[in-house]
Amino acid sequence: MGKPAEYYQRDRRLHPPAHAPHYKTSVTRSPQKALISLENSISEITGPRFGHNDIGANDNDLLFNFATPGESPIGERIIMHGRVLDENARPVPNALVEIWQANAGGRYRHKKDTYLAPMDPNFGGCGRTITDENGYYFFRTVKPGAYPWRNWVNDWRPAHIHFSIFGTAWAQRLITQCYFEGDPLIPKCPIVQSIPDPEAIEQLTAALDLNATIPLDSIAYKFDVVLRGRRSTLFENRMEGN
Amino acid sequence: MAQKLDYLRETASQTAGPYVHIGLAPGAAGFEIFDNELGQDIAGPNAKGERIRVEGIVRDGTGSPVKDVLIEIWQANADGIYAHPESAGEVEEGFRGFGRVIPAFETGIWAFDTIKPGAVDGAPHLNLWVVARGINVGLNTRLYFSDEDNSADPVLNLIEWENRRATLIAQRGDDATYRFDITLQGDNETVFFDV
Ligand SMILES: [Fe+3]
Numbered sequence: 001m002g003k004p005a006e007y008y009q010r011d012r013r014l015h016p017p018a019h020a021p022h023y024k025t026s027v028t029r030s031p032q033k034a035l036i037s038l039e040n041s042i043s044e045i046t047g048p049r050f051g052h053n054d055i056g057a058n059d060n061d062l063l064f065n066f067a068t069p070g071e072s073p074i075g076e077r078i079i080m081h082g083r084v085l086d087e088n089a090r091p092v093p094n095a096l097v098e099i100w101q102a103n104a105g106g107r108y109r110h111k112k113d114t115y116l117a118p119m120d121p122n123f124g125g126c127g128r129t130i131t132d133e134n135g136y137y138f139f140r141t142v143k144p145g146a147y148p149w150r151n152w153v154n155d156w157r158p159a160h161i162h163f164s165i166f167g168t169a170w171a172q173r174l175i176t177q178c179y180f181e182g183d184p185l186i187p188k189c190p191i192v193q194s195i196p197d198p199e200a201i202e203q204l205t206a207a208l209d210l211n212a213t214i215p216l217d218s219i220a221y222k223f224d225v226v227l228r229g230r231r232s233t234l235f236e237n238r239m240e241g242n
Numbered sequence: 001m002a003q004k005l006d007y008l009r010e011t012a013s014q015t016a017g018p019y020v021h022i023g024l025a026p027g028a029a030g031f032e033i034f035d036n037e038l039g040q041d042i043a044g045p046n047a048k049g050e051r052i053r054v055e056g057i058v059r060d061g062t063g064s065p066v067k068d069v070l071i072e073i074w075q076a077n078a079d080g081i082y083a084h085p086e087s088a089g090e091v092e093e094g095f096r097g098f099g100r101v102i103p104a105f106e107t108g109i110w111a112f113d114t115i116k117p118g119a120v121d122g123a124p125h126l127n128l129w130v131v132a133r134g135i136n137v138g139l140n141t142r143l144y145f146s147d148e149d150n151s152a153d154p155v156l157n158l159i160e161w162e163n164r165r166a167t168l169i170a171q172r173g174d175d176a177t178y179r180f181d182i183t184l185q186g187d188n189e190t191v192f193f194d195v
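Below, the structure written as structure tokens:
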């Protein structure tokens, strides 16, 4: 077998640096030595594969997956949807997308979260799904609330949903956060602003998508995720290549 | 000015934050929501090879344990085959080679059970990915085994500073248990890779 085709190198200039002094927790958790650059080997080109058998049919419905039957969580009902693509603009089917978020009041269902906003008995705050053949995914949930955190004395996180994505390769592994169009807290947040590239921040901001709303039921936001693209191998059929 | 290329740009990473466990390991964090929690059984019941346990702790630049870390594991089976279509060969029924582990919240100590992988493009190793609050882009590293011959491994030998290679070697103790501590920063900082 020949050498496997590599993924395009990650452009670290559009990612936050490990040491982002205004995000204080990063100060002691950031490696000081340069990362060692590795050519992709089979270990990085492969990665875990997931299928519909791994998850439950309603795992992508956060209005439903923790609520007492007949009840639903408090908050603005939203559809969060989009596609997982690669840098070659091709859809990534069978990607595992996992999300977690605070409830509408800004409180997580986690014993370490002591914010005074109330827990919602009908909201768990996590979900997962697998992209279809077009790379498409959707979740039904409530819009999370902003919440305060100890960084500077009075920092507030913009409303956000945490996203974890598995493409086809270990080299594509990504965790990020999705923000909401128009949120005035985005430019104030030291975690968001650790990203040096304004366009990269824009790319993390879900757009209000009125066409995808369900009238009289749920408003919609669109959030596409781009994973690293891959080179064509020398002998790959160019019809399918990039 | 020239023409624009048609590539998209990779989505930027953001920290997994302090509550990553409720998203990716809810059951392990004591929150029962999914019937099937991913990454809890790395090797499955039918895996060949030696059953091993790996335990360790992740420390920050002050030497304190990082208690809210989540580590993912990706490994080959005992024959050096990954459960992926591009790996040449078949794995045992039920072998995934994927794991997730979180520490005990009080101590920061974590442990996972698996089988020792076979050699893949060099010495046997596990691929680890470390995320936590304060880590802005997930950190890739590798775990090698102290009782294997690692001298010809191309990745270890790529590390110019020979004294740093030791940070990637898990030390075998009793009962097929290996110790692997990860240091995020400072003296003895673990080698992390840009893959
Ligand atoms: Fe959060």
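Note that the protein sequences, when read in sequence, are chains A and B.
According to the UniProt record's numbering, the residues represented by the first sequence are 1 to 242, in order.
According to the UniProt record's numbering, the residues represented by the second sequence are 1 to 195, in order.
All C-beta atoms in this analysis are idealised placements derived from N, C-alpha and C, irrespective of residue type, glycine included.
- Item | Min CB distance K188/A to chain B below 9 Å | Numbered from 1 along the first sequence, position 188 holds the residue referred to as residue 188/A. Answer no: the Cβ-Cβ gap between K188/A and chain B never drops below 9 Å.
- Task: State the DSSP-derived secondary structure class of W170/A, mapped to helix, strand or coil.
- Result: Residue numbering aside, residue 170/A sits at position 170 when the first sequence is read from its first letter. It is helical.
- Message: Just to confirm the assignment, what range does the alpha helix (DSSP H) spanning N163/B have?
- Response: In the second sequence, counting from the first residue as 1, residue 163/B sits at position 163. Start and end: 162-165.
- Task: Find out if the Cβ-Cβ distance for the pair R179/B, E55/B is shorter than 9 Å.
- Result: On the second sequence, position 179 is the one that residue 179/B refers to. On the second sequence, position 55 is the one that residue 55/B refers to. Contact flag set, yes.
- Is the Cβ-Cβ distance between F112/B and V101/B less than 9 Å? As a working mapping, residue 112/B is identified with position 112 in the second sequence. As a working mapping, residue 101/B is identified with position 101 in the second sequence. For the pair F112/B and V101/B, the CB atoms are nearer than the 9 Å cut-off.
- Message: Please report the straight-line C-alpha distance between A104/B and L156/B, rounded to a whole angstrom.
- Response: Translated into positions along the second sequence, residue 104/B becomes position 104. Translated into positions along the second sequence, residue 156/B becomes position 156. Going by the C-alpha atoms only, they are around 30 Å apart.
- Query: Closer than 9 Å, CB to CB, is I36/A near chain B or not?
  - Reply: Here residue 36/A refers to the residue found at position 36 when the first sequence is read from its first residue. Yes, I36/A lies at the interface with chain B (some Cβ there is under 9 Å from its Cβ).
- Message: List, in chain order, every chain A residue whose beta-carbon is nearer than 7 Å to that of P124/B.
- Response: If you number the second sequence from 1, residue 124/B lands on position 124. Those do not exist, as P124/B stays about 11 Å from chain A at its closest Cβ, beyond 7 Å.
- Message: ligand 1 and R157/A: does any heavy atom of the ligand fall closer than 8 Å to the residue's C-beta?
- Response: On the first sequence, residue 157/A is found 157 positions in, with the first residue counted as 1. Checking every heavy atom of ligand 1 against the Cβ of R157/A, one is found closer than 8 Å.
- If we cut at 9 Å on Cβ distances, does T25/A have a partner in chain B? Reading the first sequence from its first residue, position 25 is the one you call residue 25/A. It does; some Cβ of chain B falls within 9 Å.
- Item | Own chain residues within Cβ distance below 7 Å of Q185/B, not counting five before or after | Taking the second sequence and counting its residues from 1, the one referred to as residue 185/B is at position 185. These residues qualify, in order along the chain: D60, G61.
- Query: How many Å lie between S26/A and H19/A at the Cα?
  - Reply: Residue mapping note: residue 26/A aligns to position 26 of the first sequence, counting from 1. Residue mapping note: residue 19/A aligns to position 19 of the first sequence, counting from 1. Take the alpha-carbon of S26/A and the one of H19/A: they are about 6 Å apart.
- Item | beta strand (DSSP E) runs contained entirely in the stretch 118-154 of chain B, provided each spans 3 or more residues | 125-131, 139-145
- Query: For T183/B, which of helix, strand or coil comes out of DSSP?
  - Reply: Locating residue 183/B in the second sequence gives position 183, counting from the first residue. DSSP places T183/B in strand when its eight states are reduced to three.
- Within-9 Å CB hit, I22/B to chain A: What you label residue 22/B is simply residue 22 of the second sequence in a count that begins at 1. Yes, its Cβ sits closer than 9 Å to a Cβ of chain A.
- Item | Contacts of D54/A in chain B (Cβ-Cβ under 7 Å) | Residue mapping note: residue 54/A aligns to position 54 of the first sequence, counting from 1. Under the 7 Å cutoff, chain B gives N36, L38.
- Message: Mapping the DSSP letters down to three states, classify V153/A as helix, strand or coil.
- Response: Residue mapping note: residue 153/A aligns to position 153 of the first sequence, counting from 1. Three-state DSSP puts V153/A in coil, outside helix and strand.
- Message: Could you pull the DSSP bridge partners for M80/A from this structure?
- Response: Taking the first residue of the first sequence as position 1, residue 80/A is located at position 80. DSSP lists F139/A, Y221/A as the bridge partner or partners of M80/A.
- Enclosing beta strand (DSSP E) for T28/A [first to last residue]: Translated into positions along the first sequence, residue 28/A becomes position 28. From DSSP, T28/A is part of no beta strand (DSSP E) but of the alpha helix (DSSP H) over 26-29.
- Looking at the C-beta of P85/B, does it have a partner C-beta in chain A at a distance below 9 Å? Counted from its first residue, the second sequence places residue 85/B at position 85. For P85/B, the answer is yes, since a Cβ of chain A falls inside 9 Å of its Cβ.
- DSSP three-state assignment for P187/A, whether helix, strand or coil: Reading the first sequence from its first residue, position 187 is the one you call residue 187/A. Three-state DSSP puts P187/A in a helix.
- Spell out the partners DSSP gives Y178/B in its beta bridges. Here the question's residue 178/B lines up with position 178 in the second sequence. BP columns for Y178/B point to V54/B, R172/B.
- Query: Using the C-alpha atoms, what's the distance from S232/A back to M239/A?
  - Reply: Residue mapping note: residue 239/A aligns to position 239 of the first sequence, counting from 1. Residue mapping note: residue 232/A aligns to position 232 of the first sequence, counting from 1. Residue confidence for M239/A is low, a pLDDT of 45 falling below 50, so the modelled location carries little weight and cannot support an answer.
- Could you tell me whether any non-hydrogen atom of ligand 1 is closer than 8 Å to the CB of A102/A? Translated into positions along the first sequence, residue 102/A becomes position 102. Correct: A102/A has its Cβ closer than 8 Å to ligand 1.
- Using CA coordinates, which residue listed in W170/A, L62/A, L174/A is at the minimum distance from V137/B? Counting from 1 along the second sequence, the entry for residue 137/B is found at position 137. It is L174/A.
- Query: Does the beta-carbon of R230/A have 16 or more other beta-carbons within 10 angstroms, so that it is buried, or is it exposed?
  - Reply: Against the first sequence, residue 230/A aligns to sequence position 230. Burial call: buried.
- Query: Since E44/A is in the alpha helix (DSSP H), which residue starts that stretch and which ends it?
  - Reply: Counted from its first residue, the first sequence places residue 44/A at position 44. Run containing E44/A: 42-45, per the alpha helix (DSSP H) assignment.
- Could you spell out where the alpha helix (DSSP H) holding A200/A opens and where it closes? Locating residue 200/A in the first sequence gives position 200, where the first residue counts as 1. 198-202 is the extent of the alpha helix (DSSP H) around A200/A.
- Short CB-CB distance (under 9 Å) between W74/B and chain A: Residue 74/B sits at position 74 when you count from the first residue of the second sequence. Yes - at least one Cβ of chain A is within 9 Å of the one on W74/B.
- Message: Once the 5 residues before and after E189/B are set aside, which same chain residues still bring their CB inside 6 Å of it?
- Response: Position 189 of the second sequence, counted from the first residue, corresponds to residue 189/B. Around E189/B: T183.
- Message: Quick check: does the Cβ of Q177/A come within less than 8 Å of any heavy atom belonging to ligand 1?
- Response: To locate residue 177/A, count along the first sequence from 1; it is residue 177. The answer is yes for Q177/A.
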